Amino acid sequence: MKPAITYELLHTCKQTGARRGVIHTPHGDIQTPVFMPVGTQATVKSMTPEELKEVNAQIILANTYHLFLRPGHDLIKEAGGLHKFMNWDRPILTDSGGFQVFSLGAIRTITEEGVEFISHLDGSKKFLSPEKVMEIENALGPDIMMAFDECLKYPSTYEDTKKSMERTTRWAKRCKEAHKGEDKQGLFGIIQGGFYKDLREQSAKELIELDFPGYAIGGISVGEPKEEFLDILKYTAPLMPENKPRYLMGVGTPDYLIEAAVAGIDMCDCVIPTRLARHGTAFTSKGKLVVRNANYERDFSPLDDECDCYTCKNYTRAYIRHLVKTNEILGIRLLSIHNIKFLTNLMDKVRMEIENDNLGNFKEEFYNKYGYEK
392 MKPAITYELL HTCKQTGARR GVIHTPHGDI QTPVFMPVGT QATVKSMTPE ELKEVNAQII
452 LANTYHLFLR PGHDLIKEAG GLHKFMNWDR PILTDSGGFQ VFSLGAIRTI TEEGVEFISH
512 LDGSKKFLSP EKVMEIENAL GPDIMMAFDE CLKYPSTYED TKKSMERTTR WAKRCKEAHK
572 GEDKQGLFGI IQGGFYKDLR EQSAKELIEL DFPGYAIGGI SVGEPKEEFL DILKYTAPLM
632 PENKPRYLMG VGTPDYLIEA AVAGIDMCDC VIPTRLARHG TAFTSKGKLV VRNANYERDF
692 SPLDDECDCY TCKNYTRAYI RHLVKTNEIL GIRLLSIHNI KFLTNLMDKV RMEIENDNLG
752 NFKEEFYNKY GYEK
């Protein structure tokens, strides 16, 4: 039986060790490293599938927790799966819902069997176990499914982190046993272990023994200082198999995307481009631009004169500021189009610089131009 997800390594950057590859999925190939926009409720906020294709979104995410609560996985299965339901014919990845459930805090209870929680929509009691999550994700029908993991707050003690990591491994085994259709959907394991290197190593080793078709790093980029993030990222990424996709969860700022690629990561996701758009903020080649600020009231230049997106070709900062200040939906849409295109353009450049064995130099130039501290 041919697995649903396979990885092909095309080139390794001689300067940094970054990977240039292709992930083969049932709904098409993904050129890596790749940024994946998040479509929590089976939609990337304010954007149509056609617009997502225009900004070169190769794969998008949907959220298992939210879709389980509304409209329900049975309804989506009846509609023909997520791809048909949302009119998207490229790859989809669904998270496990673990992060959302654990962020509920006081209104959830964790046991070895799973997590009981109170729905944020209507107050009803719900229960998610590894087996239930697999049932939901199988019904949703994404190309890539994530195993149900336990997420901890930052910081957490060594003892709490060890217990959580070991439970994540046990849940991963249960997910693998419950997953149906390995030839149609690939199930990825999630490496946990917080900010303790020996726990990261143990988690990676035990999950690799389960032979998932891909692996993710979870539990970082959760509010820790950048130095701690980079330390654990650079330690954990080399522990992951070379012949399978490597996914860093919840990362989407330009500097973190570049750092992830340098560390050998293939996939990243984040809600940040559309979240910033809703706050009147744009990524640009010279740093973030808060277009809602008064100094752009009479600025008739594009958001970024180096950007080739629909927004920058057709609209000015002054007009977009006007839309944002008057709460017009078009302002959010135009900023979302630009922000996602900015990140997909960035990853186009990252892939090219890996092929040219020049990613280290590109990182330094980008940091200088963008104003990041090294």
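Going by the numbering used here, the first residue of the sequence shown is number 392, and it counts up by one from there.
Glycine included, every Cβ here is placed at the ideal spot set by N, Cα and C.
If you're wondering where the values come from, they're calculated on a predicted model, not measured in any experiment.
Check                                                                                                                                                                   : Outcome
Mind checking whether His-578 and Ala-530 have CB atoms under 8 Å apart?                                                                                                : According to the sequence shown, residue 578 is Leu rather than His. No, the Cβ-Cβ distance between Leu-578 and Ala-530 is not below 8 Å.
Use the C-beta contact count for Arg-561: other C-beta atoms within 10 angstroms, 16 or more gives buried, fewer gives exposed.                                         : exposed
So, at 7 Å on beta carbons, what are the nonlocal neighbours of Leu-621 in its own chain, with the 5 sequence-adjacent residues on each side left out?                  : Glu-650
DSSP on His-464, reduced to helix/strand/coil?                                                                                                                          : helix
Just curious, the alpha helix (DSSP H) that Lys-588 is in, first and last residue?                                                                                      : 588-600
Quick check: the region 551-569 against the region 509-516, are there 3 or more CB pairs under 8 Å?                                                                     : no
Work out the CA separation of Arg-683 and Ile-720 for me, nearest whole Å.                                                                                              : 14 Å
On the CB-based measure, 16 or more other CB atoms within 10 Å of its CB, does His-670 come out buried or exposed?                                                      : exposed
Just to confirm my understanding: we take Lys-517, look at its own chain, exclude 5 residues before and 5 after, and list those with CB closer than 6 Å. What are they? : Phe-508 and Ser-510
Which residue comes first and which comes last in the beta strand (DSSP E) that contains Leu-639?                                                                       : 637-639
Identify whether Arg-411 lies in helix, strand or coil by the three-state DSSP scheme.                                                                                  : strand
Tell me the DSSP bridge mates of Asp-696?                                                                                                                               : Partner(s): none; Asp-696 has no beta bridge.
Are the CB atoms of Tyr-456 and Gln-491 nearer to each other than 8 Å?                                                                                                  : yes
With three or more C-beta pairs closer than 8 Å as the rule, is the region 726-734 touching the region 434-444?                                                         : yes
Say whether the region 409-420 touches the region 650-659, bearing in mind that this needs 3 or more beta-carbon pairs closer than 8 Å, one atom from each stretch.     : yes
Among Thr-403, Thr-397 and Ile-611, which residue has its Cα nearest to the Cα of Ala-652?                                                                              : Thr-403
Quick check on the burial criterion: 16 or more other C-beta atoms within 10 angstroms. Buried or exposed for Leu-466?                                                  : exposed
Quick test of the definition: if touching needs 3 or more C-beta pairs under 8 Å, does the region 633-642 touch the region 603-618?                                     : yes
When you compare only the Cα positions, how much space is there between Asn-454 and Ala-433?                                                                            : 7 Å
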